[in-house]
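Here is the structure we will look at.
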Amino acid sequence: MPLRSLFAAAVLVPAIAAGSGAGMRDDRADAAVRAPLPVIGHACEGCEAVFDGMPATIPSRARIAPADQPGAPMTVSGRVLDRSGRARAGVIVYAYQTDHAGRYPKPRAASDAGAMRHGRLRAWVRSDAQGRYAFDTIRPGAYPGEDIPEHIHMQVVEPGCFTYFIDDVVFRDDPRLTPAQERQLVQGVGGAGLVVPRRSGDGVWQVERDIVLGQGVPGYRECRAR
């Protein structure tokens, strides 16, 4: 069982997009992801939520948590690569997380009641020509009263082909992280999710997480739709 399955959110709340920012645009890719795609890989709860609220235009940099959201600011960035290490452009990366208190906050508007269960701290990016992507957010809190490490959920959409969950982003400095979890994350579904957070001079946490398409994903085949 991939480690991200242990961290699956059991919250049944509607969600809305929080993404914003400048980035590349590809109208063909936009059209390819507007309709739900097959889910492959390990079983996951709520995989189809990636398509609820997905914006028509997806940048390469987006904000998960609003700038005024309480918590320590954090940037998560990296590259999307194929299994030969080549950069892959046009891949959608979806992320969602808890707030600083470890909860998935509900949407502010009742009209979002059909959105789904991931809470409002969620966003989408599309890898640019060099495979790069970035999320601006806050450092998530751990679930209250539980020993599960802090984490950010991630899912990949390869336009025109399929979607699948990859290992969560988990922080090496989290005291809740066990040696067994650390060993599993190093192997990595979709590349290693275990990251080393570093605080920059302006107080923003910086983490890097590269994504390797299809790594450790059962049933994966190279996507040739783009």
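Using my numbering, read the sequence shown as starting at 1 and increasing by one per residue. Just so you know, even glycine gets a beta-carbon here, dropped at the ideal spot from N, CA and C.
Asked: heavy atom of the ligand SAH below 7 Å from P105 C-beta; Found: Among the components of this structure there are no ligands whatsoever, and the ligand SAH is therefore not found.
Asked: Within 8 Å, strictly: CB atoms of R132 and S60; Found: yes
Asked: C-alpha gap between R88 and P140, whole angstroms; Found: 28 Å
Asked: Nearest-angstrom Cα separation, counted from G145 out to I211; Found: 31 Å
Asked: DSSP beta-bridge partners of Q155; Found: Y94, F165
Asked: Environment of R224 [buried if 16+ CB atoms lie within 10 Å]; Found: exposed
Asked: Extent of the continuous alpha helix (DSSP H) run through E182; Found: 179 to 187
Asked: Local Cβ density within 10 Å of D168, reported as buried at 16 or more and exposed below that; Found: buried
Asked: C-alpha gap between P175 and P149, whole angstroms; Found: 8 Å
Asked: DSSP bridge partner residues for V39 (one or two, in chain order); Found: T163
Asked: Alpha-carbon to alpha-carbon, T98 and D68; Found: 15 Å
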